[in-house]
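Taking it in order: structure first as structure tokens, then the write-up.
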Amino acid sequence: MSAEILDDLERIRQLDRSGMAPLIAGLPGQLAQTPRLVEAGSWPRWTRNDFDGIAVLGMGGSAIGGDLVRAYLGDTLPVPMSIVRDYRLPRWVNVRALVVASSYSGNTEETLCAVEEARRRSCRIIALCSGGELGRLAERYGWPIVALPGGFPPRTALGYSFAAVYLTLSRFGIVDDPVALLLRLSEFLNARNAALTPNVPPADNEAKRLASAIHGRIPVVYGAAGSMAVVALRWKGQVCENAKDLAFCGEAPECNHNEIVGWGLPSVSREKMITVFLRSVDDHPRVARRFDIVGQLLHDRGVLVETVWATGDKPLLRLFSLIQLGDWVSFYLAILNGVDPTPIAAIDYLKARLNETG
Ligand code: F6R
């Protein structure tokens, strides 16, 4: 499939038969809408002093919202926060932990298993879901619930899950009220959408340009630890799920202590791979220096390097500027691959097989 297809709106529409483009464009709307969803819940009078730690339980598209909250709030959080992508809970998750169980469908077995363990340990639990078994458990045990609107592929509900986790923390006084910031972020992303949607031709569309550069290669996306590394993880997930294409991600500075050596020999890294550096003015100055040096090193070895800079006048805007860009890049990669971005047959198949065996 040649790059001209990204100029052909009719062809894009045909391939996107399940309607991923409007869902990606819907990210800013979700951020603005979530405060109302959270308000609609009935909330206990828990306070910051009730908690020694926060555990967000979730997988895939339902985990990354928690990652982003943690990456953004960083060391301003008064208690440690972990994202648990597993059946098992770490030992520190006890009666003094706030547990946010995040599963868009409400039926993800790892999350259900972990939340059941959290219940046994008498943790305070909040459920974020659009229904499913998690919704039923929340009703049965009286857990507060943020009821997300149904009908989305979970990875397209990131605006809801991010804002819901953030607002939940603020409800209990753990962090400041983010509503004004979320509205600002929503406006910012709305304006940026105008330059990234399918009707904008490749010459003026950064996402189409990047997708064309990546197409036919395996992208390895790098970001700085603690912030852009989470965005790199989202890029990997979105490229895999939307474009049905393999992608990897890594974080700096850790990758400077091992992976940079691995780019040395195999010719496949020059012929079939591409690195994408997600950079921000928020990166630690030494990490910024590392990106400069490693970019040159890889370039000299004949490895393709694309550098993308976050935009926006606040750290949260910068984080999301590259989330949004990556979502659109994965969409255009799907189009270049000639596939409908929405179906995720391999995940559906695996979940069905696991349900058969019990
Ligand atoms: C599908 C997607 C997946 C799911 C994951 C967990 O669009 O992004 O990564 O998020 O399989 O399912 P949920 O989110 O329903 O708990």
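Numbering of the sequence shown is given in this note's numbering, commencing with residue 1120 and proceeding in unit increments. Don't be surprised by glycine CBs; every beta carbon is placed ideally from N, CA and C. It should be emphasised that the depicted structure is a prediction, and the values quoted were computed from it without experimental measurement.
Query: Identity of the residue in R1405, R1389, L1302 and N1226 nearest Q1152 by Cα; Result: L1302
Query: Of the listed residues R1240, A1237, L1286 and D1171, nearest to A1096 (C-alpha basis); Result: Because residue 1096 is not part of the residues shown, which for the chain are 1120 to 1477, the question remains open.
Query: Supposed contact pair E1306 and L1444 - C-beta distance, whole angstroms, cut 8 Å; Result: Wrong, their Cβ atoms sit about 17 Å apart, outside the cutoff.
Query: Neighbourhood of A1344 by C-beta, 6 Å cutoff - its chain only, sequence neighbours within 5 removed; Result: E1370
Query: Cβ-based neighbour list, S1201, same chain, cut-off 6 Å, excluding 5 preceding and 5 following; Result: A1174
Query: Sequence-ordered residues whose beta carbon comes within less than 6 Å of a heavy atom of the ligand F6R; Result: M1178, G1179, G1180, S1181, S1222, Y1223, S1224, T1227, T1230, P1272, P1273, R1274, E1360, I1463 and I1466
Query: Cβ pair L1452, D1323 closer than 7 Å; Result: no
Query: Under the three-state DSSP convention, the category L1365 falls into; Result: coil
Query: Nearest residue (CA-CA) to L1308, options L1438, L1128, P1163 and R1164; Result: L1438
Query: Host beta strand (DSSP E) of I1442 (start-end); Result: Note, I1442: premise wrong, no beta strand (DSSP E); alpha helix (DSSP H) at P1434 to L1455.
Query: Classification of E1360 by the beta-carbon crowding that lies within 10 angstroms, buried from 16 upward; Result: buried
Query: contact_flag[the region 1137 to 1148, the region 1309 to 1321] where n(CB pairs < 8 Å) is 3 or more; Result: yes
Query: Of the residues V1413, N1226 and H1376, the one placed nearest A1471, counting alpha carbons only; Result: N1226
Query: Closest by C-alpha distance to I1183, when choosing among V1380, V1406 and A1283; Result: A1283
Query: Beta-carbon proximity check, S1181 vs V1214, cutoff 7 Å; Result: no
Query: Contacts around I1393, its chain only, beta-carbon distance under 6 Å, and the 5 residues preceding and following it disregarded; Result: I1333, R1336, P1338 and L1423
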